[in-house]
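Q: Chains as they are written, first to last, in our numbering: chain C, 1 to 135; chain V, 1 to 135; chain W, 1 to 135; chain D, 1 to 135; chain R, 1 to 135; chain S, 1 to 135. We treat Cβ as the ideally placed atom computed from N, Cα and C, and that holds for glycine. Note that the structure is predicted; figures quoted are calculated from it, not measured.
6 protein chains.
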Amino acid sequence: MRLLSRFFSPRLEATAHCDLPCGVYDPAQARIEAESVKAVQEKYQNNEDPEFRTRAVLIAEQRSDLVKHHLWVLWTDYFKPPHFEKYPHLHDLFNRATKAAGASGTKGSMDPATGAALLDLIAEIDKIFWETKQG
Amino acid sequence: MRLLSRFFSPRLEATAHCDLPCGVYDPAQARIEAESVKAVQEKYQNNEDPEFRTRAVLIAEQRSDLVKHHLWVLWTDYFKPPHFEKYPHLHDLFNRATKAAGASGTKGSMDPATGAALLDLIAEIDKIFWETKQG
Amino acid sequence: MRLLSRFFSPRLEATAHCDLPCGVYDPAQARIEAESVKAVQEKYQNNEDPEFRTRAVLIAEQRSDLVKHHLWVLWTDYFKPPHFEKYPHLHDLFNRATKAAGASGTKGSMDPATGAALLDLIAEIDKIFWETKQG
Amino acid sequence: MRLLSRFFSPRLEATAHCDLPCGVYDPAQARIEAESVKAVQEKYQNNEDPEFRTRAVLIAEQRSDLVKHHLWVLWTDYFKPPHFEKYPHLHDLFNRATKAAGASGTKGSMDPATGAALLDLIAEIDKIFWETKQG
Amino acid sequence: MRLLSRFFSPRLEATAHCDLPCGVYDPAQARIEAESVKAVQEKYQNNEDPEFRTRAVLIAEQRSDLVKHHLWVLWTDYFKPPHFEKYPHLHDLFNRATKAAGASGTKGSMDPATGAALLDLIAEIDKIFWETKQG
Amino acid sequence: MRLLSRFFSPRLEATAHCDLPCGVYDPAQARIEAESVKAVQEKYQNNEDPEFRTRAVLIAEQRSDLVKHHLWVLWTDYFKPPHFEKYPHLHDLFNRATKAAGASGTKGSMDPATGAALLDLIAEIDKIFWETKQG
Chain C
1 MRLLSRFFSP
11 RLEATAHCDL
21 PCGVYDPAQA
31 RIEAESVKAV
41 QEKYQNNEDP
51 EFRTRAVLIA
61 EQRSDLVKHH
71 LWVLWTDYFK
81 PPHFEKYPHL
91 HDLFNRATKA
101 AGASGTKGSM
111 DPATGAALLD
121 LIAEIDKIFW
131 ETKQG
Chain V
1 MRLLSRFFSP
11 RLEATAHCDL
21 PCGVYDPAQA
31 RIEAESVKAV
41 QEKYQNNEDP
51 EFRTRAVLIA
61 EQRSDLVKHH
71 LWVLWTDYFK
81 PPHFEKYPHL
91 HDLFNRATKA
101 AGASGTKGSM
111 DPATGAALLD
121 LIAEIDKIFW
131 ETKQG
Chain W
1 MRLLSRFFSP
11 RLEATAHCDL
21 PCGVYDPAQA
31 RIEAESVKAV
41 QEKYQNNEDP
51 EFRTRAVLIA
61 EQRSDLVKHH
71 LWVLWTDYFK
81 PPHFEKYPHL
91 HDLFNRATKA
101 AGASGTKGSM
111 DPATGAALLD
121 LIAEIDKIFW
131 ETKQG
Chain D
1 MRLLSRFFSP
11 RLEATAHCDL
21 PCGVYDPAQA
31 RIEAESVKAV
41 QEKYQNNEDP
51 EFRTRAVLIA
61 EQRSDLVKHH
71 LWVLWTDYFK
81 PPHFEKYPHL
91 HDLFNRATKA
101 AGASGTKGSM
111 DPATGAALLD
121 LIAEIDKIFW
131 ETKQG
Chain R
1 MRLLSRFFSP
11 RLEATAHCDL
21 PCGVYDPAQA
31 RIEAESVKAV
41 QEKYQNNEDP
51 EFRTRAVLIA
61 EQRSDLVKHH
71 LWVLWTDYFK
81 PPHFEKYPHL
91 HDLFNRATKA
101 AGASGTKGSM
111 DPATGAALLD
121 LIAEIDKIFW
131 ETKQG
Chain S
1 MRLLSRFFSP
11 RLEATAHCDL
21 PCGVYDPAQA
31 RIEAESVKAV
41 QEKYQNNEDP
51 EFRTRAVLIA
61 EQRSDLVKHH
71 LWVLWTDYFK
81 PPHFEKYPHL
91 HDLFNRATKA
101 AGASGTKGSM
111 DPATGAALLD
121 LIAEIDKIFW
131 ETKQG
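Pasting the structure below:
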């Protein structure tokens, strides 16, 4: 957060604060869980054992929840008003990314294409995240 | 979700889907936890016992997390693109409401004013929520 | 809790205490989760896709757990000895309601009738709850 | 559960069911967590370091929650109507035991006497539990 | 932990410390969850209802996770360097036991033989645990 | 696991296996949480507000738990017997690293030196991890 004050000087001073848990953020947390979802989906497609498939659905559900959680934390706790001004589509991007880890995405389908689509959206967020860190 | 199809007919058809866990949403879940946060803050102000205060801070932290979670679920799982078009400030409203349950709000201060501010933001969301349900 | 002291004056004075997290209780928390269970059961009956059905069973299990948790909190944390004296069947009602969200109820069967039975029991608890709040 | 059918033959046949997660219950789960609470309380009394005390309060809170959870599971999932008929004070015993792990007990005070009182109540439940198992 | 200092006198003095949550450990916690896993596996084999089987897989997964967690806590929080010197195979034993509650064990198969194998490994740990407690 | 011993010839074959949830591992998960712990410790040292300090202790406790969890998963789920043969100190390294996130490390002290020591141990694990991946 300290880096930010360099680049968004006037406005961010107003909103900047010392979030106790906020100094360390990394979209890698969401990405790793999403990679896990996609890997589970691929294994699901190659294995017709019903026990295995039940476990795969269960694990994809849990990991998708973790993706949503990590993205929500970034959206609420890391990104500040100046970021949303600079990247006007950022709200929508996060909303679509979290939806892509939900019922219309990796929860609702074991098709690895949904996992890949989720990873693409996280990559977009990751790019913006590092831009804001580098100012 | 069925009600929605009446009002946002063309566009929502495209995005509507049968979210398995989504039929039942209610901002009351976030509101009840936020009321709990505010009540804990008030008790904190009236009790200087250190054990009590430690527990109050801990519980306010947990309840604030629950507020954030319930709001995030509404934002991602309940609200759809047509809602965001109709209420252009809805993204920002949710972002501010979840921040108000974080380090710059009810987590970072035991002042009941932060709990009251959080409840006001949830009331704004609640109003929009019921408008979308009634079409 | 403050309201209670008006109605159960002598006895409750003895048992009343300042539960830090107890000022805010609402059976709506259990009801909302139970409505979710019933909605999931109905969708399960109308969809034979195995992935969907696995997710429905999983979600009904989780939501039933939440119902049990919310009811247990009411039974232990909100209701006090004077309530149990005034409503002698209250222990049994809570025991049956939490069982109705378990293996003999909404966990053990995806029949929406179990969800409806659970909601009826919660409605009975809700009625008593608001009677005790209004004195 | 199979043992039960020996002793409560007529009545329990009606209520007996194959709870998937219910074959294995043991009050030791609640007792171990309660012993932990009491040990933490004792260490709290012997250590005035504020960091240590904050952690002690936090851990006592978490472990007390686990005690409540394990007791609630026994009360709802293990004990059946015939047990409550045979031990008419069992509802009240569980209600007092779970309250003893709450704000009026081990959560609300770091006095090891509250931990000891909780352990006594769990010992009463334990005694009844094993009577019902031995039939 | 206090008992230990009697037996491992020179070395343990150096490593002994007052772990706030560590005074109370008991391998019974892992054993009870593992017994639950094995019971669920047996019921799974005797019931072909798909809803029941989905729940059984889900519960075995959760209970296996609890077994792993309880074993990890023992391995990291209870056992100290002098124990690992005295029992050179203890690291490997814990590694095999936690793997036996994972994908190559009770998570990956509903065969009760995997539950029995897990219980055997926990019994080995339990034997060492009580030897270290008795000095 | 039994299959593994068959094709342990080239090393990468050795690490490939079809554990359903295991295809994706990354020590970054533990590192990110440990960086958060250290950042929280530093902020604690620079802020004497009692509410802030209570929250800092609480968050360090939670994040330390996450570090332990992520490391335990690597130790049990990712690393296999051939790894432990090749790196004979790996068991001890993981045991020390998880202890370093416990009562004798980042839980028991808010000194950032404990956070730094934890990060060093994770870096050692990370180095070995990537060696085994590149096989």
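What is the residue span of the alpha helix (DSSP H) that C/His-70 lies within?
A: 50 to 73
Q: In whole angstroms, what separates the C-alpha of W/Phe-177 from that of W/Asp-120?
A: Residue 177 of chain W falls outside the range modelled here, since chain W spans only 1 to 135, and no answer is possible.
Q: Would DSSP call S/Thr-114 helix, strand or coil?
A: S/Thr-114 falls in the helix class under three-state DSSP.
Q: Based on Cα-Cα distance, which residue from D/Asp-49, D/Phe-84, D/Lys-68 and D/Glu-51 lies nearest to D/Val-37?
A: D/Lys-68
Q: Could you tell me whether any Cβ in chain S is nearer than 8 Å to the Cβ of D/Glu-33?
A: no
Q: Taking Cβ positions only, does V/Ser-36 come closer than 8 Å to chain W?
A: yes
Q: Going by DSSP, what residue range makes up the alpha helix (DSSP H) through V/Pro-81?
A: 81 to 86
Q: Give me, in chain order, the residues of the same chain whose beta-carbon lies closer than 6 Å to that of W/His-83; leave out the 5 immediate sequence neighbours on both sides.
A: Short of 6 Å from the beta carbon of W/His-83, and not among the five residues preceding or following it, lie these beta carbons of its own chain, in chain order: Thr-132.
Q: Rounded to whole angstroms, what's the CA-CA distance from W/Asp-111 to W/Arg-55? Just pull it up for me.
A: Near 15 Å, if we compare the C-alpha coordinates of W/Arg-55 and W/Asp-111.
Q: Would you decide whether V/Cys-22 is buried or exposed? Buried here means 16 or more other CB atoms lie within 10 Å of its CB.
A: For V/Cys-22, the predicted model reports a pLDDT of 44, less than 50, meaning its position is unreliable; a value from the coordinates is still stated below. Buried, by the Cβ-count rule.
Q: Can you look up C/Asn-47 in the DSSP assignment and give me helix, strand or coil?
A: coil
Q: On the criterion of 16 or more Cβ atoms from any shown chain inside 10 Å, does R/Gln-134 qualify as buried, or is it exposed?
A: exposed
Q: Taking all protein chains shown into account, decide if C/Pro-88 is buried (16 or more other Cβ within 10 angstroms of its Cβ) or exposed.
A: exposed
Q: S/Asp-92 lies in the alpha helix (DSSP H); which residues open and close that run?
A: 90 to 100
Q: In angstroms with no decimal places, state the Cα-to-Cα distance between W/Ile-122 and W/Thr-76.
A: 16 Å
Q: When Cβ atoms are compared, which residues of the stretch 39 to 67 of chain S fall closer than 7 Å to chain D?
A: Thr-54, Val-57, Leu-58 and Glu-61: these are the residues of the stretch 39 to 67 of chain S whose beta carbon lies less than 7 Å from some beta carbon of chain D, given in chain order.
Q: In chain D, what lies closer than 9 Å to W/Lys-86 by C-beta?
A: Going along chain D, no residue has its Cβ under 9 Å from W/Lys-86, so there is no contact; the nearest lies around 14 Å.
Q: Could you have a look at C/Tyr-25 and say whether DSSP puts it in helix, strand or coil?
A: coil
Q: Report yes or no: do the stretch 59 to 68 of chain S and the stretch 37 to 47 of chain S share at least 3 C-beta pairs separated by less than 8 Å?
A: yes
Q: Excluding sequence positions up to five away, which residues of its chain have a Cβ less than 7 Å from the Cβ of D/Trp-72?
A: Thr-98
Q: Cβ atoms of S/Ala-103 and S/Leu-118: under 8 Å apart, would you say?
A: The answer is no: Cβ separation not under 8 Å.
Q: Is the distance from the Cβ of D/Asn-95 to the Cβ of W/His-70 below 8 Å?
A: no
Q: Regarding V/His-89 and the ligand ADP, is the C-beta to nearest heavy atom distance less than 7 Å?
A: Ligands in the displayed structure: none, and consequently the ligand ADP is not present.
Q: Grouping DSSP H, G and I as helix and E and B as strand, with all else coil, what is R/Ser-104?
A: coil
Q: Specify the secondary structure class of C/Ser-109 as computed by DSSP and reduced to three states.
A: coil
Q: Going along the chain, which residues of its own chain have a beta-carbon closer than 8 Å to the beta-carbon of C/Gly-105, five neighbours each way excluded?
A: Contacts found: Ser-64, Lys-99, Thr-114, Ala-117 and Leu-118.
Q: Can you name the residues of chain V whose CB is closer than 9 Å to the CB of D/Lys-107?
A: From the beta-carbon of D/Lys-107, the residues of chain V found nearer than 9 Å are Arg-55.
Q: If S/Ile-32 and C/Gln-29 are in contact, beta carbons under 8 Å, what's the gap, nearest whole angstrom?
A: 6 Å
Q: CA-CA distance, D/Asp-49 and V/Phe-52?
A: 17 Å
Q: At a Cβ threshold of 8 Å, is S/Thr-114 touching chain E?
A: The structure shown contains no chain E; the protein chains it does contain are C, V, W, D, R and S.
Q: Quick check: the Cα distance between S/Gly-108 and D/Asn-47, rounded to an integer number of angstroms?
A: 13 Å
Q: What's the C-alpha gap between W/Phe-79 and C/Phe-79?
A: 43 Å
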